[in-house]
Amino acid sequence: MKAVLMAGGSGTRLRPLTCDLPKPMVPIVNKPIIEHIIDLLKKHSYDDIYVTLYYLPHLIQNYLLNGEELGVRVNYALEEERPLGTAGCVKNIEQHLDDTFLVISGDSLTDFDLSQALKFHKEKGSKATIVLTRVENPLDYGVVITDEEGRIQRFLEKPTSSEVFSDTINTGIYVLEPELLALLPANEEKDFSKDLFPLILEKGLPMYGYVAEGYWCDIGNLTTYRQAHYDVLAGKVQVEMPYQQKENGVWIGEGVEMESSVSLEGPAVIGHNTYIGKNVRISANTVLGDNVVVGQNATLKRPIVWNGVHIDRGASLRGCTLGKNVIVHKEAQILEGAVVGDDCSLGEKTLVKPEVRIWPNKHLEPNSIATESIIWGSGQLQSIFGELGISGTVNTDITPELAVKMGAAYGATIGMGKSISLSRDQSAASRLFSRAFASGVLSVGVHIQNLEACALPVARIQIPSLDVAGGVHVRLAADTSREKISIEFLDSSGLNISPQSEKKIEATYQKEDFRRARVVELGEIQYPSRIIEKYQEGFVKTLSRFKPSRPMKVVLDYMFQASHVILPTLLGRMGMDTVVLNAHVAEGALRNYEELTLQTSNVVRALNADFGVRMDANGERMTVVDEKGETIDHNLLMAAFVKMMLHTFPGKKVAVPVMAPSLIEEVAAQFEGQVIRSKATTRSLMEAAQEPDVILAGFGGQLIFPAFHGGFDGMMAGATLATLLALDNKKLSEVIQDLPPLHILSDQLTCPTTVKGTLMRLMLEKYGQENISTLDGVKLFDAEGWTLILPDPSYPKVHIYSNGSSQEYCQTQLNKYREDVQQMITHSSQT
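Structure follows, in structure tokens:
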């Protein structure tokens, strides 16, 4: 039998879910409404279906195809120029409707017995039968009144409360005889309820109303959309679920992985290939789409979640709806009735208030509070570049597709026929993303000198000798989660690229303004030889200027992250004894960070070693443990390096960023040394390190030795520390103890990116007459010390540092300016 399925609706009241999706394609329990309707039609032998289309028709056509996979035959009727109305679009396919046929809406969910409706139609000899149902509130529907035999007497479309004369409404399901279509003119907009049915009444043709038993819901707004899910889960409507039902009323797809500690309360739906992490709590009436990731400790209370959504650890979803491919970062909260459109990203600790709607492709910064709907504006990050190039969560923020496109954009800025270096750490994720990036680079005709897995200092020192235009290093973040990846860009000298270069790459990426290479122009990959040997040769040559007086015993802990274990060999060549710990790669081992750090300290004490070094995966940052097993504060370690280096090379210069403590100047002055202050960025510090007579630069456990190369190098720092201690014949704890006292405190506040400029202006207006520096941020000096208010270059934060004569002074200043800055941020955010 034949049926006409009307699927032209745009679903205005369901936006933002329907901004890029026709209403019939909106999923109910992970299955489009239109497929639920086709299941019902097939169940009642309607297997020849004509689908009328208008809004985004290709999405429905690409999903249903010819209907073969659904067990029916599907044909399409497109309203190409203008909508023809419910009756006009059926008139348009009149030549195909040669027998009694059914008309049904593609945006309602029902389990009516359509066979009984057809039987009623035949028994009454009706020309038109309208399937009716009874509802509590008929004000939003077309009301129908019939006589005792069911013959329709009167219509009233969406009556007011004073006009209601029945609770029986039109469901948009009709059984019709084909000759009725002759009553309508061709190619004109006509509606069943407003035009055809009143005409049938006027002509006295038999028209009946069949009051159906069962479930019917017009998915007319976001509230009824959510309620339809809850009704399915409660068993109020009979539909074919796309998954297998398990115990406790839980439907679970194939390939689902749930940790044993997950708390799951039915009824609920878990889609195919979904992962649910440790200690996640899922309450009844939760629906998760296919390919969803839920991080540990997340809480899900009755949300509707579409396919491809990533929910980070500690996030909380309550009665909300999330479109496809939404990213919810850690500890974000989305409250009751909120709706987030496709491809949005909600930053860490974002709060979306109840009933707020966020349109597709919006980005909310960390700590944002969405109190009203977000429709217009790009909603994107001001820049995709941060402190370490391009960074984000693996396969969430940073995907292989992004890496390919970024590789092509970067290659286009380099120029066809030129070369770059490409390196990575040893993790599986970095290998994946470096290969994806390489594909993009090669596609625009740029060649690659592939250094493969190596420490970043090793990659930096190769670049000038490889005759390349720049370099790229891919690495996992050094934090304990190991879930974030960075694509770091280097210039032709091995330094991090300038902000101007970042903007050029980003502009090319955003505009996709690049030409793909022809087959004969495609880039090629080469593998340079003697990479490690070249680094070792430069390393030994740099340290040959020191003449240590005694051998040293050093414990090296690679924390299961080693890209290459080079340092023990180099120290051995210098006559030093090394004990190496955890020198193989073990994904996930760093999560036991506290145990690993305790192990380093214990081994140093047990072996009577001179000190221990914990090295990061890329060989750039180190944490040092003295001979007593005590971890050395990074600021004190830097001061110790300054003291020993300037003791060996008096009168030279060192470079530190603006937030480094004044202790550095105190120590340098003892040896007639000079201190250069740079901005807080990595690039600025590297540039300062290239100035004449600079022998050392660094901050936060990352040190630069310009005599070797211009980047951070934890391996050189560890070897230099051993050499300097041996040269001075001192223990590390003694060097630290001899330093002037250090008093510094810091804090950070949430500050929207759009407010940072205003905040700096307000600080200058209030404190501009005082003794200040604006090298980076606003630094205020007084007789006892200084306080720095410094906007973060990558995140919506502002940092406050206070350094002075005592901890009491630092705490007082920190409290004062924290309150002051918070008031300015609050005021600026509200105006």
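Going by the numbering used here, the residue at position 89 of the sequence shown is 94; the numbering climbs one at a time, nothing skipped.
Here a beta-carbon is modelled for each residue, glycine too, at the ideal position from N, C-alpha and C.
Taking the straight line between their C-alpha atoms, what separation do you get for residue i and residue j?
| i | j | result |
| --- | --- | --- |
| I39 | E73 | 15 Å |
| G254 | N296 | 21 Å |
| S167 | S198 | Bear in mind that a pLDDT of 47 at S167, under 50, signals an unreliable position, so the number given afterwards is only what the model happens to contain. In a straight line, the C-alpha of S167 is about 21 Å away from that of S198. |
| H315 | H277 | 14 Å |
| L527 | F442 | 14 Å |
| S833 | D797 | 17 Å |
| P746 | F438 | 45 Å |
| G397 | M720 | 26 Å |
| T376 | N175 | 38 Å |
| P655 | E542 | 27 Å |
| K335 | N302 | 10 Å |
| Q385 | P662 | For Q385, the predicted structure reports a pLDDT of 49, less than 50, and the residue's modelled location is therefore unreliable. The matter cannot be settled from this model. |
| K802 | D825 | 15 Å |
| E775 | T228 | 57 Å |
| F202 | L70 | 33 Å |
| S383 | G352 | Only weak support exists for where S383 lies, its pLDDT of 47 falling under 50; the value from the coordinates is given anyway. Answer to the nearest angstrom: the Cα atoms are 15 Å apart. |
| K684 | K410 | 31 Å |
| I637 | F710 | 20 Å |
| Q505 | E813 | 42 Å |
| G706 | E635 | 15 Å |
| E739 | G420 | 54 Å |
| Q828 | A434 | 42 Å |
Out of the options, which one is the CA nearest neighbour of residue i?
| i | options | result |
| --- | --- | --- |
| G678 | V647, L690 and I150 | V647 |
| F786 | P798, P62 and G773 | G773 |
| T304 | N734, I287, S738 and L780 | I287 |
| Y822 | K802, M768, K552 and P211 | M768 |
| S470 | N284, A460, Q816 and L456 | L456 |
| L114 | D223, R682 and N284 | D223 |
| K658 | C459, L641, A665 and F676 | F676 |
| D103 | A8, V545 and L83 | A8 |
| K552 | G313, M581 and V524 | M581 |
| D52 | L576, R18, G16 and L107 | L107 |
| R20 | R231, I332 and V344 | V344 |
| V361 | I380, V608 and E370 | I380 |
| D152 | V267, E406, Y213 and E488 | Y213 |
| G177 | Y146, Q158 and L186 | Y146 |
| V584 | A611, E599 and L690 | A611 |
| Q338 | K354, M564 and L730 | K354 |
| R682 | G782, L481 and V244 | G782 |
| I490 | S432, A522, S503 and K546 | S432 |
Given a cut-off of 8 Å on the beta-carbon distance, is the pair residue i and residue j in contact?
| i | j | result |
| --- | --- | --- |
| R465 | H714 | yes |
| M11 | G111 | yes |
| K241 | K96 | no |
| V618 | L701 | no |
| V837 | I109 | Shown here, the chain extends from 6 to 836; a query on residue 837 therefore has no answer. |
| S497 | I537 | no |
| G475 | I425 | yes |
| F519 | A408 | no |
| L137 | V216 | yes |
| I33 | V237 | yes |
| A622 | D430 | yes |
| L840 | R688 | Any property of residue 840 remains undetermined from this structure, which presents the chain solely from 6 to 836. |
| K4 | L210 | Any answer about residue 4 is impossible in this case: the structure gives the chain only from 6 up to 836. |
| L340 | K358 | yes |
Does the beta carbon of residue i fall short of 7 Å from some heavy atom of the ligand ATP?
| i | result |
| --- | --- |
| E739 | Among the components modelled here there is no ligand, and therefore nothing to report on the ligand ATP. |
Rounded to the nearest angstrom, how far is the Cβ of residue i from that of residue j, given a contact under 8 Å?
| i | j | result |
| --- | --- | --- |
| Y806 | T817 | Wrong, their Cβ atoms sit about 14 Å apart, outside the cutoff. |
| L668 | L601 | The Cβ separation is near 29 Å, so there is no contact. |
| N35 | P247 | 6 Å |
| H49 | L119 | 4 Å |
| P840 | D348 | With the chain represented from 6 up to 836, any question about residue 840 goes unanswered, as that position is not in the structure. |
Examine chain C for any beta-carbon lying closer than 8 Å to the beta-carbon of residue i, and answer yes or no.
| i | result |
| --- | --- |
| N776 | Absent here is chain C; the protein component of the structure consists of one chain. |
Worksheet item: In chain order, which beta strand (DSSP E) runs of at least 3 residues are fully inside the segment 569-655?
Response: 582-586, 616-620 and 627-631
Fill in: beta strand (DSSP E) runs wholly inside the segment 465-493, at least 3 long, in chain order
Correct list: 476-481.
Worksheet item: Fully enclosed by the segment 258-314, which beta strand (DSSP E) runs are 3 residues long or longer?
Response: 273-275, 291-293 and 304-306
Worksheet item: Considering only residues of the segment 365-439, which uninterrupted beta strand (DSSP E) runs meet the minimum length of 3 residues and lie entirely inside it, listed in chain order?
Response: 395-398 and 424-429
Practice prompt. Would you mind listing the alpha helix (DSSP H) stretches within the segment 505-551 that are 4+ residues and don't spill past its ends, in chain order?
Written response: 536-548
Discussion item. Please give me, in chain order, every unbroken run of the alpha helix (DSSP H) with length at least 4 that falls completely inside the segment 683-719.
Written reply: 687-694
Fill in: Runs of alpha helix (DSSP H) lying entirely within the segment 188-216, each at least 4 residues, in chain order
202-208
Fill in: Runs of beta strand (DSSP E) lying entirely within the segment 9-78, each at least 3 residues, in chain order
53-58
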